[in-house]
Amino acid sequence: MSEIRHPELLAIADNCVACGLCVPQCPSYQVLQNEADSPRGRIALMRGVLEHKLQPTARLQQHLDQCLTCRQCEKVCPNQVAYGRLVDGMRAELLQQQPARLPWLKRLGLQRLAHRPQWWGRLLKLVRLPLVRPLLRHLPASQAWLPTLREMMRRYQPQRWQPCYPPSGEERGEVMLFLGCLARAVDVAAINAAIQLLNLFGFRVWVPQQQVCCGALLKHAGDAVGAAGLLATNRNVFAGTMPVLTLASGCGADLQDAGDASFGARVMEVAAFLERHADWRLVECAPLAERVTLHDPCTLRNVMRSEQAYHRLLQRIPGLQLLPLAGNQQCCGAAGTYHLQHPQIARQLRDDKISAINTTGAEHVCSANFACGMWLNTALDGAERQVQHPLLLLQQQIRKASSC
Ligand code: SF4
Ligand code: SF4
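So for the sequence shown, numbering that gives the first Met the number 0 puts the first residue at 0; every next one is plus one.
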């Protein structure tokens, strides 16, 4: 293997002063209790590779792959070490040198689905066929992914998204909505709730039909070229000056990471937009005398930094008691496809989260990321309580003010 030369990545690694503040905050360190599975340890390993003092052995790569890319370490780092850019950059370098890290069939599948997100719905339709279902159990590692697939099938709703949803009353502005790829098939109710709420506040919602996946799955797998291609397409499709709204923070974080004023700076979570731009005198909020707890997805908290917007939106519902969730800064273990690749670590994190949820005694559990919700639901399976998007609860309680 040739040496990896990347001065930009080395400069990021050199920013780390090894203070260790991030270590106890890291979910993989909490589970594995190994310095090499902490942010400080991983940065030291990556620096070693970039300075050509260490070989990227299989063991070293395993420590990097066990990172959930939750970016909690970035949030607490006093030196603003851009850990996400460093680990994704290193994964891209490793993939270039060792293409087998991402088998070609998996890479092709991810790329095809990313460019044709409507295929997710077709795939789930196919999986529903009685002849296909029993076969799935015989596929490799089915124990790890079948519960997630069952949850996807439970949530799947066929839906054809219109290019435009105009408000019924006076128009007060326009926004563009990013649907996501899997989300457009399994988070239909939340997307519809977002559209209805935006319309209620007078916003015309455009849904560009040519939008593609945000590229997060490819980027975290090391396919930086594939992810950059998707970003370029989305930049074109969402060109203009309108806000680009997301309601799956995994996608929103990745689009925001594009970082420039023409695109990344226009990306925001639906809740943050409603908080800032909605005229709340236009609506009435029916009381709900129930207890709710809200799980904060890592991407919303650590990258988009707008998790508090959902807390404040829910607190607008009279009578609703919002209960704090202990360990809310801790990743639930879903982390894109991480729970499929590292099921044991992911399950431990999920089970800790479920215990914290149960301790609250809340009747409703919300999460602003459908992927976290689906993963948590695999442990709540069969129970009456299911994780739902907070916009659904808000939509259920809000109606147009009678004075308007
Ligand atoms: S908190 Fe920042 S500077 Fe300190 S060890 Fe972690 S990454 Fe390095
Ligand atoms: S991104 Fe998350 S899992 Fe990875 S090193 Fe940072 S805190 Fe740990």
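Idealized CB from N, CA, C, for every residue including glycine.
Note that the coordinates shown come from a computational prediction; the quantities given were computed from them, not determined experimentally.
As a quick exercise: from the options, pick the residue whose alpha carbon is nearest that of residue i.
i	options	result
Met89	Arg159, Gln142, Asp64 and Gln395	Asp64
Gln60	Pro296, Lys352 and Gln97	Gln97
Lys124	Ala345, Trp103, Gln156 and Asp350	Gln156
Ala12	Arg111, Leu230, Val86 and Arg106	Val86
Arg111	Arg290, Leu217 and Gly83	Leu217
Gln328	Cys18, Gln24 and Ala81	Gln24
Ala271	Leu321, Thr245 and Ala400	Thr245
Leu205	Thr240, Ala220, Leu181 and His219	The displayed chain sequence assigns Trp, not Leu, to residue 205. Ranking Thr240, Ala220, Leu181 and His219 by Cα distance to Trp205 puts Thr240 first.
Ala367	Ala99, Gln387 and Leu273	Gln387
Leu8	Leu31, Leu44 and Gln29	Leu44
Glu289	Ala192, Ile397, Leu319 and Ser305	Leu319
Gln347	Cys18, Cys21, Ser27 and His5	Ser27
Val266	Leu390, Gln395, Ser37 and Pro242	Pro242
Ala378	Arg70, Cys331 and Glu34	Cys331
Leu287	Ala227, His363, Gln158 and His341	His363
Pro317	Asn357, Glu283 and Glu169	Glu283
Ser305	Arg41, His276 and Val269	Val269
Thr232	His276, Pro342 and Phe177	Phe177
Gly120	Val48, Thr358, Gln71 and Arg159	Arg159
Ala143	Gln343, Pro207 and Cys76	Gln343
His62	Arg46, Val48, Cys72 and Ser37	Ser37
Count the other C-beta atoms from every protein chain shown that fall within 10 angstroms of the C-beta of residue i, then say buried if there are 16 or more, exposed otherwise.
i	result
Gly108	exposed
Gly372	buried
Ser167	exposed
Glu50	exposed
His137	exposed
Asp278	exposed
Ala57	exposed
Asp259	exposed
Thr147	buried
Cys18	exposed
Thr68	buried
Val285	Per the sequence shown, residue 285 should be read as Ala rather than Val. Classification for Ala285: exposed.
Asn33	exposed
Trp103	exposed
Pro55	buried
Gln209	exposed
Glu169	exposed
Ala99	exposed
Tell me the rounded alpha-carbon separation between residue i and residue j.
i	j	result
Asp351	Glu150	20 Å
Thr298	Cys213	13 Å
Gln385	Asn235	37 Å
Ser1	Gly179	37 Å
Pro133	Arg127	10 Å
Ala264	Arg300	17 Å
Pro165	Leu197	9 Å
Gln307	Arg106	36 Å
Ala257	Leu273	23 Å
Asn376	Leu31	24 Å
Ala193	Asn78	37 Å
Lys52	Arg4	12 Å
Lys74	Val16	16 Å
Cys250	Leu130	33 Å
Arg39	Cys21	7 Å
Arg153	Ala91	35 Å
Leu391	Ala188	7 Å
Asn191	Ala345	30 Å
Ser261	Val80	25 Å
Ala226	Ser141	27 Å
Tyr337	Pro296	14 Å
Ile42	Pro6	14 Å
Gly83	Arg70	6 Å
Pro162	Pro207	6 Å
What distance in whole Å lies between the Cβ atoms of residue j and residue i, which are believed to be in contact at a cut-off of 8 Å?
i	j	result
Ala333	Trp374	4 Å
Glu173	Phe202	7 Å
Leu321	Leu393	That belief does not hold up - the Cβ atoms of Leu321 and Leu393 are roughly 12 Å apart, past 8 Å.
Asp186	Phe369	4 Å
His114	Val211	5 Å
Met175	Phe237	6 Å
His219	Gly335	6 Å
Ala247	Ala182	5 Å
Ile356	Thr292	6 Å
Asp222	Leu135	Between Leu135 and Asp222 the Cβ distance is about 26 Å, and since that is not below 8 Å, they are no contact.
Cys365	His276	No, Cys365 and His276 are not in contact; Cβ-Cβ is about 22 Å, not under 8 Å.
Ala400	Arg315	13 Å between Cβ atoms; not a contact.
Quick one: is the Cβ of residue i within less than 7 Å of any heavy atom of ligand 3?
i	result
Thr68	In terms of ligand content, the structure shown lacks ligand 3 and carries ligand 1 and ligand 2 instead.
| message | Give the list of continuous beta strand (DSSP E) stretches no shorter than 3 residues that lie fully inside the stretch 238-286. | response | As far as the stretch 238-286 is concerned, its whole beta strand (DSSP E) runs of at least 3 residues are 243-245, 266-268 and 282-284.
| query | Mind pulling the beta strand (DSSP E) runs of 3 or more residues that sit fully within the stretch 129-183? | reply | The qualifying runs are 172-176.
| message | My parser needs the alpha helix (DSSP H) runs of 4 or more residues fully inside the stretch 282-349; what are they? | response | Runs of the alpha helix (DSSP H) inside the stretch 282-349: 306-313 and 337-340.
| said: Quick check for students: name the residue ranges of the beta strand (DSSP E) that lie wholly in the stretch 359-395, counting only runs of 3 or more. | reply: Segments of the beta strand (DSSP E) lying fully in the stretch 359-395: 363-366.
| task | Taking only runs that begin and end inside the stretch 51-102, name each unbroken alpha helix (DSSP H) of 4 or more residues, in chain order. | result | Qualifying alpha helix (DSSP H) stretches, in chain order: 57-64, 71-75 and 82-96.
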